[in-house]
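S.K.: Before anything else, here's the structure in question.
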Amino acid sequence: MPARFKDLALDARDHQALADWWCTALGYARRPDRGEPRPSEWPVPIHDPAGRGPLIWMNPVPEAKTVKNRMHLDVWGDPAELRALGATIVRRRDGEISWHVMADPEGNEFCVFEGER
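Numbering-wise, full-length UniProt numbering puts 102 at position 102 of the sequence shown, and it's gapless, one number per residue.
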């Protein structure tokens with residue numbers, strides 16, 4: 001049997017703050033604890049309350065991001081709104097690409113497609 005997709009995971013030095021940032025950016029929420037509350041140093045799961053998007057885990061790591069992501073998120077959104085939240089533009093849409101390449105507050109790249117939401 002082939003593997004099946006389960007969740008996404010992002011590494012972060014401040015995984016609590018990045019979980020909050022992505023919740024605001026995507027309209028996600030922290031997934032409620034199942035049973036006992038998680039210690040603050042554990043990974044933080046965030047989810048789409050509408051059930052349309054995948055579960056994303058924010059995993060704590062000690063090191064800062066140093067190289068380009070080999071895998072990234074693609075999102076529908078407004079680059080100006082994401083910049084106002086603290087994202088940075090890595091590359092604007094141009095004659096070669098029809099999306100914006102942005103980075104979250106910890107430098108994780110993601111692509112922003114304007115239009116559908």
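Glycine included, C-beta positions come from ideal geometry on N, C-alpha and C.
Return the first residue and the last residue of the beta strand (DSSP E) that residue 74 is part of.
M.R.: As a position in the sequence shown, residue 74 is number 74, starting the count at 1. Segment 73-76, the beta strand (DSSP E) holding residue 74.
S.K.: Please list, in chain order, all residues of the same chain as residue 69 whose beta carbon is under 7 Å from its beta carbon, the five residues on each side excluded.
M.R.: Here residue 69 refers to the residue found at position 69 when the sequence shown is read from its first residue. For residue 69, where only same-chain residues beyond five positions count, the Cβ hits under 7 Å are 108 and 109.
S.K.: Kindly identify the DSSP beta-bridge partner or partners of residue 60.
M.R.: As a working mapping, residue 60 is identified with position 60 in the sequence shown. According to DSSP, which records beta bridges pairwise, residue 60 is partnered with 12.
S.K.: In whole angstroms, what is the alpha-carbon distance linking residue 60 and residue 9?
M.R.: Locating residue 60 in the sequence shown gives position 60, where the first residue counts as 1. Locating residue 9 in the sequence shown gives position 9, where the first residue counts as 1. Answer to the nearest angstrom: the Cα atoms are 10 Å apart.
S.K.: When the Cβ atoms of the segment 11-23 are set against those of the segment 31-47, are three or more pairs found closer than 8 Å?
M.R.: Yes, since at least three Cβ pairs between the segment 11-23 and the segment 31-47 fall closer than 8 Å, the two stretches touch.
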